[in-house]
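For the sequence shown, my numbering assigns the number 17 to the initial residue and increments by one for each residue that follows. Heads up, the beta-carbon is just placed ideally off N, CA and C, and yes, glycines get one too. What follows is a single structure, written as structure tokens, with notes after it.
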Amino acid sequence: MADEQEVTMSASIRTIKGIGPQVIEVFEAAGFNTVRELTVFNCEDRILWVTIESIRDSMSQKFPPGYWRMLMSRCINVIYRIRSAQASDFVPSEYMCPLTLDWFIDPVVTASGHSYSRAAIEEWLTTSSADPLTRTNIGGAPIYSNVAMKNALDHYRLHYQCFRILD
Numbered sequence: 017m018a019d020e021q022e023v024t025m026s027a028s029i030r031t032i033k034g035i036g037p038q039v040i041e042v043f044e045a046a047g048f049n050t051v052r053e054l055t056v057f058n059c060e061d062r063i064l065w066v067t068i069e070s071i072r073d074s075m076s077q078k079f080p081p082g083y084w085r086m087l088m089s090r091c092i093n094v095i096y097r098i099r100s101a102q103a104s105d106f107v108p109s110e111y112m113c114p115l116t117l118d119w120f121i122d123p124v125v126t127a128s129g130h131s132y133s134r135a136a137i138e139e140w141l142t143t144s145s146a147d148p149l150t151r152t153n154i155g156g157a158p159i160y161s162n163v164a165m166k167n168a169l170d171h172y173r174l175h176y177q178c179f180r181i182l183d
């Protein structure tokens with residue numbers, strides 16, 4: 017059974033469960049603060065991309081170029097889902113890999129205790145020995161399958177969350 021969320025057109029985008037802090041940061045920096053503003057967005061991808069570039073340039077922490085493209089893709093997907101009010105497959109931030117900004121795929125946990133998709137963290141570790149979130153050195157430390165996360169993901173997908181826009 018789905019856990020349905022109802023939001024109004026005037027609701028803050030922060031009230032939409034599961035879109036994640038990175039997407040909220042981009043939307044707010046681009047001037048989109050309400051559900052209504054996202055529903056009338058006319059795919060001016062340049063606005064979002066300029067905002068993402070600005071955020072990227074202001075960060076001291078460096079991410080691979082693919083991260084920023086995935087963030088852009090996630091922002092566009094959220095907008096399309098909101099516009100169609102069919103948000104059944106939003107990835108709750110708890111189940112989102114911080115490197116891919118999408119569902120964990122083959123979740124693993126590093127020595128720092130943070131979870132990532134296996135392919136994403138393996139790619140990250142080819143260019144850096146630092147954990148992407150904590151910046152602690154994890155080079156050479158083993159990564160382990162995160163069975164608990166995989167089970168939680170499987171359970172959530174059976175009982176996914178969706179929302180309706182009122183007004």
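The C-beta distance from residue 133 to residue 123 rounds to 6 Å, short enough to fall under 8 Å. By the beta-carbon neighbour count (other beta carbons within 10 angstroms, threshold 16), residue 114 is buried. Around the CB of residue 66, fewer than 16 other CB atoms lie within 10 Å, so the residue is classed as exposed. The DSSP-derived three-state label of residue 165 is helix.
Secondary structure note for residue 39: it is in no beta strand (DSSP E), and the uninterrupted alpha helix (DSSP H) holding it is 37-45.
Contact check between the stretch 22-41 and the stretch 74-82: fewer than three CB pairs, one atom from each, fall below 8 Å, which does not count as touching. For residue 56, no alpha helix (DSSP H) segment is defined, and its DSSP state is neither H nor E. Shown here, residue 75 sits in coil according to DSSP, grouped into three states, outside any helix or strand. For the stretch 90-161, the continuous alpha helix (DSSP H) assignments of 4+ residues that do not extend past its boundaries occur at 134-141, in sequence order. Closest by C-alpha distance to residue 118, out of 128, 91, 154, is 91. The beta carbon of residue 108 sits closer than 6 Å to those of 34, all from its chain and outside the five residues before and after it, given in chain order.
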